[in-house]
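Colleague: Chains as they are written, first to last, in numbering that gives the first Met the number 0: chain F, 0 to 465; chain Z, 0 to 465.
Protein chains: 2
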Amino acid sequence: MTTIVERLSSSLGHDLVLTGTAIVEDDAHDESLTAAWHAPDVVVVPESAAQVADVVRIARELRAPLTARGSGTGLCGACVPRRGGILLSFRRMSSILEIDTENQVAVVQPGVTLQQLDEETARHGLIYPVFPGESSASLGGNVATNAGGMRAIKYGVTRNQVLGLQAVLGTGEVIRTGGKFVKATTGYDLTQLIIGSEGTLAIVTEAILKLYPRTPHAATIMAPFRTLQEVTAAVPKIVSSGLAPMIVEYIDQMTMRAITAASGLDLGVPDTIEEAAQAYLVLVLEELDRTRLDENVERMGSLINDLGSLDVYVLPPHAASSLIQARERAFFTAKAAGANEIIDTVVPRAQIPAFLSRVFEIAMQTQSPIFGCGHVGDGNVHLSVFQPDPEKLHDTLSSVFEAGVAMGGAISGEHGIGTEKRSYFLELEDPAKLALMRRIKAAFDPDGILNPGVLLDPDGAVAGRN
Amino acid sequence: MTTIVERLSSSLGHDLVLTGTAIVEDDAHDESLTAAWHAPDVVVVPESAAQVADVVRIARELRAPLTARGSGTGLCGACVPRRGGILLSFRRMSSILEIDTENQVAVVQPGVTLQQLDEETARHGLIYPVFPGESSASLGGNVATNAGGMRAIKYGVTRNQVLGLQAVLGTGEVIRTGGKFVKATTGYDLTQLIIGSEGTLAIVTEAILKLYPRTPHAATIMAPFRTLQEVTAAVPKIVSSGLAPMIVEYIDQMTMRAITAASGLDLGVPDTIEEAAQAYLVLVLEELDRTRLDENVERMGSLINDLGSLDVYVLPPHAASSLIQARERAFFTAKAAGANEIIDTVVPRAQIPAFLSRVFEIAMQTQSPIFGCGHVGDGNVHLSVFQPDPEKLHDTLSSVFEAGVAMGGAISGEHGIGTEKRSYFLELEDPAKLALMRRIKAAFDPDGILNPGVLLDPDGAVAGRN
């Protein structure tokens, strides 16, 4: 370790290389419920891509594992440092380099937070439409995990917004991919390959992001349904209505009670309906002008009514924003309630009813209470699993993931694999694809120094490390 | 060659392996203006992914180059067979396997044409929104080149519509990527990597495509401007208007004259305006209902007027569709007029005025007339270059591509690199990225049998071929 610290200090200067008591507790963990905390041995806080490249070259030479970290709001352990490795924190690379209104793009450093970017784009009447529910999250982390969130049904996820990157490969080479243009067929799409690779292929040092005009008017509709099946069965019809909702969420009864209680929110639903409602649908519509919005709300309301809802509420602005915020905090509400794991399996939208039926069978069989809410318009359900016994928890998750994959889905819609879902991923994925992914990994990172132990590597070891 | 034919015939049966006079002329070329025709030595017409895998394994064993082909409407030589190689034609794999209305996806074989898919989706009130201007193009070819077209400004390109693939790697392994879901963070995005790889990484045998509700009402606006600079300068404001146009094209004076003459179209523009108009802006708006459409047309019309147009025409339906069709045929009009090359450089939207200024300087310097039209909303300009001398043509193209790349763009927005733009690509691309792409290529296709000579390989040779 001494050698690593010396080499880093002599290259970057002592100020940018932290050890011992200079390391803050926050750098030891992400928000995952299961990943073990581990204080990093050394933290570097680079100020430029050239410095990141220096760090990569030193790590490569010394075969030291290198983990990049943004705000640490991830949910699968992907930015928790490896033992004996280097943690690279982007807290000093957190500038919005440019808001280019003519091309409708932002150019940001990886440490920029969603909150910071939202405040800046708002000044220009523009918006970066990815809202994964945690506005302190960094853009670098969002790129690494292909962050999603509630508005993905209309705008897509991070993958759909990133037009270009600057990134450092595991070789230490700095490349630029894509650009301020929306399409190209000029070689392999390296931008898309790096997005969602959880820090295992390259370290992102800059991103070009697509911005959109900020739509001025929005309305929130909440509809209680007798059963969860009715909610999920309604979704394909809502999506194909042409009314282009910005948010299509479901919240089950238990979760709704928990999040409204946690935020002291009274939505004004009569007791009789609240008792009968096993699940809620929450929709947000947006429009350029108020009249059209009102018309759309009217149309959507009658569609939902036809689909069997117990009632339809158009929430007043304050209640609406409180509900959306409470929904965004659902993860922390579940965590506070003692959930042992929170997962986000994605399945084809129309398979949600069958998937949730199977989930509840598994919950009964394994005696693990499972509650949820989620981006039902995207087929992405977020489930809180209550099962304190680690072995039983593993079996429960295994069965849920297996069911999702068997229905044509994937383990994670937006949280990622990290260290915490790796064993399930390696078990359920086609071995031919895993072998291909390992070859791709080697193409970017020949010595396996970038985030070993995340996603693919079975034992966290760096190749040839001694 | 005899060995190859024998091995293929014994594996697939004689009916699916064509040689000599059984090979049709169409299989010898694509629509590129410069690629040399070459009749294939052997054509295989597989009926299943398993048969494609057999062909790949035989090609690998015999180190024979393997080129996949859809409808052959490509523009850069990427599906022209290599000498001594195998041409794989998807004419017998042309079924729409499923229109899943609940999940709003289509599952297609690679030989399905856009026309065929459009007719089928229309029956369900849905649409596949990629219209690259040639409806006989196949979906397999569209995936290989990441096809774009006029509606990309609203819906995105092929890359944005493909949710999953079945594909055969250069190893002969058959994999499935993605699925009927809109997002995932579960391993590297192999779907996105294969899209646009021009048959060099894998052979696509099935694709899952995103469908959209078909919007019932549309209107076409045409606005003549005094200068091309005024048109291109107007574009960022139109894109950021929030009116979400489906098409934003520009057509220069020469091209407008050529395409209207070729299609016998009279748009009713008075002579005085036609003479003053150096360029036209063509917009299509669409909406759920007629009233909103009319309002949007009104708003857009006054915006365009404020931006300095000579006039604003809302075209009657027949003229509108004729103009869009004529624009779609612009490539063939230019070809008939004797253009020596047609290119489709992409630059950041706001850089189009500067880029086109530079293009006209190059045209003057090299005495090569250059006219154009294009997806100006996407920054993707299509230029017809008239220069019969091959060396001068090369220098002209080289200068244009260099200018585009220097302004933050890329050589091709949607046509691809193929064999015909490869030398420019290899010259202008960062060597570190080229080396990375070659390593990625090797991860998919260790022996280099998939479309050698396209995109990367400098001499078209298959590794270890004797």
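We put the CB at the ideal spot given by N, CA and C, even for glycine.
All of these numbers come straight from a predicted model, not from anything done at the bench.
Relative to the C-alpha of Met221(F), which residue among Leu164(F), Asn304(F), Ser422(F), Gln108(F) is closest?
Modeller: Residue numbering aside, residue 221(F) sits at position 222 when the first sequence is read from its first letter. The option with the nearest alpha carbon to Met221(F) is Asn304(F).
Colleague: Please decide whether Gln228(Z) counts as near chain C, where near means a Cβ-Cβ distance under 9 Å.
Modeller: No chain C is present in this structure, whose protein chains are F and Z.
Colleague: Apart from the five residues just before and just after Asp40(F), which ones in its own chain have a Cβ nearer than 6 Å to its Cβ?
Modeller: Counting from 1 along the first sequence, the entry for residue 40(F) is found at position 41. Here the set comprises Met0.
Colleague: Take Val268(F) and list the residues in its own chain whose beta-carbon comes closer than 6 Å to its own, dropping the five residues that flank it on each side.
Modeller: Here residue 268(F) corresponds to residue number 269 of the first sequence, with the count starting at 1. There are no such residues.
Colleague: To which residues of the same chain is Phe400(F) closer than 7 Å at the C-beta, ignoring the five residues directly before and after it?
Modeller: The residue you call residue 400(F) lines up with position 401 of the first sequence. Cβ within range, chain order: Thr344, Ile410, Tyr423, Leu427.
Colleague: Would you mind working out which of Arg122(Z), Ile258(Z), Thr66(Z), Ile95(Z) sits nearest Gly84(Z), comparing C-alpha positions?
Modeller: Taking the second sequence and counting its residues from 1, the one referred to as residue 84(Z) is at position 85. The shortest Cα separation from Gly84(Z) among Arg122(Z), Ile258(Z), Thr66(Z), Ile95(Z) belongs to Thr66(Z).
Colleague: Between which residues of its own chain and Ser308(Z) is the CB-CB distance below 6 Å, once the five residues before and five after are set aside?
Modeller: Locating residue 308(Z) in the second sequence gives position 309, counting from the first residue. Ala222, Phe224, listed in sequence order.
Colleague: Would you say Gly459(F) reaches chain Z, if we count a Cβ-Cβ gap shorter than 9 Å as a contact?
Modeller: Here the question's residue 459(F) lines up with position 460 in the first sequence. In this predicted model, Gly459(F) has a pLDDT of only 45, less than 50, meaning its place in the structure is not dependable enough to derive any value.
Colleague: Counting beta carbon pairs with one atom in the stretch 348-361 of chain F and one in the stretch 388-399 of chain F, are three or more of them shorter than 8 Å?
Modeller: yes
Colleague: Is the beta carbon of Ala77(Z) sitting closer than 9 Å to the one on Glu197(Z)?
Modeller: The residue labelled residue 77(Z) in the question sits at position 78 within the second sequence. The residue labelled residue 197(Z) in the question sits at position 198 within the second sequence. Cβ atoms of Ala77(Z) and Glu197(Z): closer than 9 Å.
Colleague: Which one of Val173(Z), Val107(Z), Ser320(Z) has the shortest CA to CA distance from Thr259(Z)?
Modeller: Within the second sequence, numbered from 1, the residue matching residue 259(Z) stands at position 260. Thr259(Z) has its Cα closest to that of Ser320(Z), out of Val173(Z), Val107(Z), Ser320(Z).
Colleague: Let me see if you follow: with CB-CB separation under 9 Å, is Thr100(Z) close to chain F or not?
Modeller: For the purposes of this step, residue 100(Z) is taken as residue 101 along the second sequence, with counting starting at 1. So yes, Thr100(Z) belongs to the interface.
Colleague: Do you know how far the Cα of Glu297(Z) is from the Cα of Ala63(Z)?
Modeller: In the second sequence, residue 63(Z) corresponds to position 64, counting from 1. In the second sequence, residue 297(Z) corresponds to position 298, counting from 1. One Cα belongs to Ala63(Z), the other to Glu297(Z), and the distance between them is close to 59 Å.
Colleague: Using CA atoms only, rank isn't needed, just tell me which of Pro235(Z), Ser137(Z), Gly71(Z) is closest to Ser94(Z).
Modeller: Here the question's residue 94(Z) lines up with position 95 in the second sequence. With distances taken between Cα atoms, Ser94(Z) lies closest to Ser137(Z).
Colleague: Say whether chain F places a C-beta atom closer than 9 Å to the C-beta of Glu428(Z).
Modeller: Here the question's residue 428(Z) lines up with position 429 in the second sequence. Yes, Glu428(Z) lies at the interface with chain F (some Cβ there is under 9 Å from its Cβ).
Colleague: Tell me where the alpha helix (DSSP H) around Ala52(Z) begins and ends.
Modeller: To locate residue 52(Z), count along the second sequence from 1; it is residue 53. Going by DSSP, Ala52(Z) is part of the alpha helix (DSSP H) stretching over 48-61.
Colleague: Using a Cβ distance threshold of 8 Å, determine whether the stretch 122-135 of chain Z contacts the stretch 180-194 of chain Z, with at least three qualifying pairs required.
Modeller: no
Colleague: Which chain Z residues sit within Cβ distance under 8 Å of Ile467(F)?
Modeller: Outside the shown range of chain F (0 to 465) lies residue 467(F), about which nothing can therefore be said.
Colleague: Straight-line CA distance for Gly147(F) to Lys209(F)?
Modeller: Your numbering for residue 147(F) matches position 148 in the first sequence. Your numbering for residue 209(F) matches position 210 in the first sequence. Cα atoms of Gly147(F) and Lys209(F): separation of roughly 15 Å, rounded to the nearest angstrom.
Colleague: Identify the continuous alpha helix (DSSP H) that holds Lys391(F) and give its terminal residues.
Modeller: Sequence index remark: in the first sequence, residue 391(F) carries index 392 (1-based). Its alpha helix (DSSP H) spans residues 389-405.
Colleague: Are the beta-carbon atoms belonging to Asn339(Z) and Leu32(Z) less than 9 Å from one another?
Modeller: Position 340 of the second sequence, counted from the first residue, corresponds to residue 339(Z). Position 33 of the second sequence, counted from the first residue, corresponds to residue 32(Z). For the pair Asn339(Z) and Leu32(Z), the CB atoms are nearer than the 9 Å cut-off.
Colleague: For the pair the stretch 169-183 of chain Z and the stretch 112-128 of chain Z, tell me if three or more CB-CB distances fall below 8 Å.
Modeller: no
Colleague: What is the DSSP secondary structure of Val357(F), counted as helix, strand or coil?
Modeller: As a working mapping, residue 357(F) is identified with position 358 in the first sequence. It is worth fixing the name first, because residue 357(F) is Arg in this sequence and not Val. In the structure shown, Arg357(F) sits in a helix (DSSP, three-state: H, G or I).
Colleague: How would you label Ser9(F), buried or exposed, when you count the other beta carbons within 10 angstroms and need 16 or more for buried?
Modeller: In the first sequence, residue 9(F) corresponds to position 10, counting from 1. Ser9(F) comes out exposed.
Colleague: Taking Cβ-Cβ distances below 7 Å as the criterion, which residues of the stretch 407-429 of chain Z are in contact with chain F?
Modeller: Gly407, Gly408, Ala409, Ile410, Ser411, Gly412, Glu413, His414, Gly415, Ile416, Phe424, Glu428, Asp429
Colleague: Short of 8 Å Cβ to Cβ, which residues in the stretch 232-254 of chain F face chain Z?
Modeller: Pro235, Val238, Ser239, Ser240, Gly241, Leu242
Colleague: What does the alpha-carbon distance come out to for the pair Leu455(Z) and Ala48(F)?
Modeller: Translated into the one-based positions of the second sequence, residue 455(Z) becomes position 456. Translated into the one-based positions of the first sequence, residue 48(F) becomes position 49. Roughly 28 Å separates the two Cα atoms.
Colleague: For a test of the three-state rule: what should DSSP assign to Phe224(Z), helix, strand or coil?
Modeller: Locating residue 224(Z) in the second sequence gives position 225, counting from the first residue. Phe224(Z): strand per DSSP, three-state reduction.
Colleague: Look at the Cβ atom of Val417(F), then the Cβ atom of Val453(F), and state whether they are nearer than 9 Å.
Modeller: Sequence index remark: in the first sequence, residue 417(F) carries index 418 (1-based). Sequence index remark: in the first sequence, residue 453(F) carries index 454 (1-based). The residue asked about is misnamed: residue 417(F) is Gly in this sequence, not Val. Yes; because the gap between Cβ atoms is below 9 Å, this pair is in contact.
Colleague: Measuring alpha carbon to alpha carbon, tell me which of Ile194(Z), Gly139(Z), Val203(Z) ends up nearest Leu168(Z).
Modeller: One-based indexing of the second sequence puts residue 168(Z) at position 169. Closest in C-alpha terms to Leu168(Z), from the list Ile194(Z), Gly139(Z), Val203(Z), comes Val203(Z).
Colleague: Name the residue from Pro368(Z), Gly69(Z), Ala349(Z) whose alpha carbon lies nearest to the alpha carbon of Asp25(Z).
Modeller: To locate residue 25(Z), count along the second sequence from 1; it is residue 26. Nearest option by C-alpha distance: Gly69(Z).
Colleague: Output yes if chain F places a C-beta closer than 9 Å to the C-beta of Phe180(Z); else output no.
Modeller: As a position in the second sequence, residue 180(Z) is number 181, starting the count at 1. Answer yes: the Cβ-Cβ gap between Phe180(Z) and chain F drops below 9 Å somewhere.
Colleague: Look at Thr72(Z) and Gly140(Z) and say whether their C-beta atoms are less than 9 Å apart.
Modeller: Numbered from its first residue, the second sequence carries residue 72(Z) at position 73. Numbered from its first residue, the second sequence carries residue 140(Z) at position 141. Yes.
Colleague: Please return the same chain residues whose Cβ sits closer than 8 Å to the Cβ of Arg213(Z), not counting the five positions on each side in sequence.
Modeller: As a working mapping, residue 213(Z) is identified with position 214 in the second sequence. The residues are Thr120, Ala121, Gly124, Leu125, Ile126.
Colleague: Is there a Cβ from chain Z that is less than 9 Å from the Cβ of Thr170(F)?
Modeller: The count along the first sequence starts at 1 and reaches residue 170(F) at position 171. Yes - at least one Cβ of chain Z is within 9 Å of the one on Thr170(F).
Colleague: Tell me whether the stretch 230-238 of chain Z and the stretch 275-283 of chain Z touch, counting them as touching only if at least three CB pairs, one residue from each stretch, are closer than 8 Å.
Modeller: Counting Cβ pairs under 8 Å, three or more are found: they touch.
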